[in-house]
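Undergrad: For what it's worth, the working numbering labels the leading residue of the sequence shown as 1146, then goes sequentially. Cβ atoms here follow ideal geometry from the backbone N, Cα and C, with glycine treated the same way. Below you'll find the structure I mean.
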Amino acid sequence: MILTVTLNPAIDVSYPLDELKCDTVNRVVDVTKTPGGKGLNVSRVLNEFGETVKATGCVGGESGDFIINHLPDSILSRFYKISGDTRTCIAILHEGNQTEILEKGPMLSVDEIDGFTHHFKYLLNDVDVVTLSGSLPAGMPDDYYQKLIKIANLNGKKTVLDCSGNALEAVLKGDSKPTVIKPNLEELSQLLGKEMTKDFDALKEVLQDELFDGIEWIIVSLGADGVFAKHKDTFYNVDIPKIKIVSAVGSGDSTVAGIASGLANDEDDRALLTKANVLGMLNAQEKTTGHVNMANYDKLYQSIKVKEV
1146 MILTVTLNPA IDVSYPLDEL KCDTVNRVVD VTKTPGGKGL NVSRVLNEFG ETVKATGCVG
1206 GESGDFIINH LPDSILSRFY KISGDTRTCI AILHEGNQTE ILEKGPMLSV DEIDGFTHHF
1266 KYLLNDVDVV TLSGSLPAGM PDDYYQKLIK IANLNGKKTV LDCSGNALEA VLKGDSKPTV
1326 IKPNLEELSQ LLGKEMTKDF DALKEVLQDE LFDGIEWIIV SLGADGVFAK HKDTFYNVDI
1386 PKIKIVSAVG SGDSTVAGIA SGLANDEDDR ALLTKANVLG MLNAQEKTTG HVNMANYDKL
1446 YQSIKVKEV
């Protein structure tokens, strides 16, 4: 079983407009509301892929109830209730552009943070892999992911971390390391304080930096150019075919779903990397975030090339 953690979920609201007019009224005819957050995207893709998945995180108020009630029944909902209202994130789709308005989310108390920590420990009993995705809610310290990873490691669970900024830096500088991290080039550049490109020799060098010691897998997204990955002492380039992209939103989360599935099923390096990239590409071909059309899975799987470099 795979446990997905979304500490700062949201209701994602989509407003499509022919034109966004400022300083006046804009009327929306077609409104879409879905449970949002990176970990929830991971949950949905794992569920569609046929994995057994339970989802947790911190939710509160009517917005939190909406998230719980609108997840597929086959996803085991194990969310922790807090006093504050879960945030709403608005995407205005207009003239080929997307303007986003993102709420920060609720402030968690010390008691709520401690309560979720105990809740997390309890959920690990029947789990093989844990995914930790997205931003931390207000009130949680930057090293909170480090704390959850330590608990998971002590219980013999594999962990996939997909976050950025201070939360990622705190994990890399901490004592307990995740099994996998999945930065993109921009996030890698931010971590290292220098601009990184798709140069394989340069990537090989930086991924051997002591900053990444103890991390079994480092999977760097290169966008439409695939992936550069390091597993222990072996490096891989994953070459993907060109596809028609409908929406790339959530493709990174779908890739995380593939990584988690590969770990849960003890797949070899090539199978894990191929599966992860296929799920990311399938999501990019869909309008709905966190959705994959499995009818196209086998064809894409055969088109991906994983090379040791």
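Using the beta-carbon count (16 or more within 10 Å), is Asn1186 buried or exposed?
TA: Reading the sequence shown from its first residue, position 41 is the one you call residue 1186. Asn1186 comes out buried.
Undergrad: For Lys1349, which of helix, strand or coil comes out of DSSP?
TA: Here residue 1349 refers to the residue found at position 204 when the sequence shown is read from its first residue. Three-state result, Lys1349: helix.
Undergrad: Nearest by alpha-carbon distance to Gly1403: which of Asn1300, Thr1276, Leu1281 and Lys1387 is it?
TA: Residue 1403 sits at position 258 when you count from the first residue of the sequence shown. Out of Asn1300, Thr1276, Leu1281 and Lys1387, Thr1276 has the C-alpha closest to the C-alpha of Gly1403.
Undergrad: For a quick check, are the C-beta atoms of Ala1155 and Cys1234 less than 8 angstroms apart?
TA: Taking the sequence shown and counting its residues from 1, the one referred to as residue 1155 is at position 10. Taking the sequence shown and counting its residues from 1, the one referred to as residue 1234 is at position 89. In this structure, Cys1234 lies closer than 8 angstroms to Ala1155 by Cβ.
Undergrad: By the 10 Å Cβ neighbour count, where 16 or more other Cβ atoms means buried, how is Ala1218 classified, buried or exposed?
TA: In the sequence shown, residue 1218 corresponds to position 73, counting from 1. Strictly speaking, residue 1218 in this sequence is Asp, with Ala absent from that position. Classification of Asp1218: exposed, given that the 10 Å Cβ count is below 16.
Undergrad: Can you give me the C-alpha to C-alpha distance between Asp1346 and Tyr1381, rounded to a whole angstrom?
TA: Working through the sequence shown from its first residue, we reach residue 1346 at position 201. Working through the sequence shown from its first residue, we reach residue 1381 at position 236. Cα to Cα, the separation comes out at about 12 angstroms.
Undergrad: DSSP beta-bridge partners for Tyr1225?
TA: Mapped onto the sequence shown, residue 1225 falls at position 80. Beta-bridge pairing links Tyr1225 to Cys1203.
Undergrad: Lys1327 to Asp1168, Cα distance in whole Å?
TA: Taking the sequence shown and counting its residues from 1, the one referred to as residue 1327 is at position 182. Taking the sequence shown and counting its residues from 1, the one referred to as residue 1168 is at position 23. Cα to Cα, Lys1327 sits roughly 40 angstroms from Asp1168.
Undergrad: Rounded C-beta distance between Lys1420 and Ile1360? I'm assuming under 8 angstroms.
TA: In the sequence shown, residue 1420 corresponds to position 275, counting from 1. In the sequence shown, residue 1360 corresponds to position 215, counting from 1. Going by Cβ atoms, the distance from Lys1420 to Ile1360 rounds to 20 angstroms, so no, they are not a contact pair.
Undergrad: By alpha-carbon positions, which one of Ser1392, Gly1371 and Leu1216 ends up nearest to Pro1180?
TA: Along the sequence shown, read from residue 1 onward, the residue named residue 1180 stands at position 35. The option with the nearest alpha carbon to Pro1180 is Leu1216.
Undergrad: Is Asp1230 near Gly1205, with beta carbons less than 8 angstroms apart?
TA: Counting from one through the sequence shown, the residue named residue 1230 turns up at place 85. Counting from one through the sequence shown, the residue named residue 1205 turns up at place 60. Yes. Within cutoff.
Undergrad: Whole angstroms are fine: how far does the CA of Lys1432 sit from the CA of Thr1177?
TA: Against the sequence shown, residue 1177 aligns to sequence position 32. Against the sequence shown, residue 1432 aligns to sequence position 287. Their Cα atoms are separated by approximately 12 angstroms.
Undergrad: Using the beta-carbon count (16 or more within 10 Å), is Ala1369 buried or exposed?
TA: As a working note, residue 1369 is residue 224 in the sequence shown. Ala1369 comes out exposed.
Undergrad: Tell me the DSSP bridge mates of Ile1360?
TA: Residue 1360 sits at position 215 when you count from the first residue of the sequence shown. DSSP output for Ile1360 lists no bridge partner at all.
Undergrad: Return the first residue and the last residue of the alpha helix (DSSP H) that Ala1416 is part of.
TA: Here residue 1416 refers to the residue found at position 271 of the sequence shown. From DSSP, the alpha helix (DSSP H) with Ala1416 extends over Asp1414 to Ala1429.
Undergrad: Taking the alpha-carbon of Val1190 as reference, which of Ile1220, Asp1210 and Asn1410 has the nearest alpha-carbon?
TA: On the sequence shown, residue 1190 is found 45 positions in, with the first residue counted as 1. It is Ile1220 whose Cα lies nearest to the Cα of Val1190.
Undergrad: Around the C-beta of Arg1172, are 16 or more other C-beta atoms found within 10 angstroms, so that it is buried, or is it exposed?
TA: On the sequence shown, residue 1172 is found 27 positions in, with the first residue counted as 1. So Arg1172 counts as exposed.
Undergrad: Do Leu1269 and Lys1302 come within 8 angstroms of each other at the CB atom, strictly closer than that value?
TA: Indexing the sequence shown from 1 puts residue 1302 at position 157. Indexing the sequence shown from 1 puts residue 1269 at position 124. In this structure, Leu1269 lies closer than 8 angstroms to Lys1302 by Cβ.
Undergrad: Mapping DSSP to helix, strand and coil, what is Gly1181?
TA: The sequence position of residue 1181 within the sequence shown is 36, counting from 1. Note: Gly1181 maps to strand in three-state DSSP.
Undergrad: Looking at Ile1449 and Val1423, is the spacing between their C-beta atoms short of 8 angstroms?
TA: Within the sequence shown, numbered from 1, the residue matching residue 1423 stands at position 278. Within the sequence shown, numbered from 1, the residue matching residue 1449 stands at position 304. Yes, the pair counts as a contact, with Cβ atoms nearer than the cut-off.
Undergrad: What would DSSP say about Met1439, mapped onto helix, strand or coil?
TA: Position 294 of the sequence shown, counted from the start, is the residue given in the question as residue 1439. Met1439 falls in the helix class under three-state DSSP.
Undergrad: Run through the DSSP bridge pairs and tell me what Tyr1160 is partnered with.
TA: Counted from its first residue, the sequence shown places residue 1160 at position 15. Paired residues: Ile1237.
Undergrad: Alpha carbon to alpha carbon, how far is Leu1356 from Thr1342?
TA: Against the sequence shown, residue 1356 aligns to sequence position 211. Against the sequence shown, residue 1342 aligns to sequence position 197. One C-alpha to the other measures close to 19 angstroms.
Undergrad: To the nearest angstrom, how far is it from the Cα of Met1426 to the Cα of Asn1441?
TA: To locate residue 1426, count along the sequence shown from 1; it is residue 281. To locate residue 1441, count along the sequence shown from 1; it is residue 296. Whole-angstrom Cα-Cα distance: 10 angstroms.
Undergrad: Using a 10 Å radius around the Cβ and a threshold of 16 neighbouring Cβ atoms, would you call Pro1145 buried or exposed?
TA: Any question about residue 1145 goes unanswered here, given that the chain covers just 1146 to 1454.
Undergrad: Ile1246 by DSSP, collapsed to three states: which one?
TA: Residue 1246 sits at position 101 when you count from the first residue of the sequence shown. Note: Ile1246 maps to strand in three-state DSSP.
Undergrad: Considering just the uninterrupted stretch of the beta strand (DSSP E) at Glu1453, what are its terminal residues?
TA: Taking the first residue of the sequence shown as 1, we reach residue 1453 at position 308. Note, Glu1453: beta strand (DSSP E), Lys1450 to Glu1453.
Undergrad: For Gly1209, which residues in the same chain have their Cβ closer than 6 angstroms to its Cβ, ignoring the five residues on either side in sequence?
TA: By one-based count along the sequence shown, residue 1209 stands at place 64. The residues are Thr1231.
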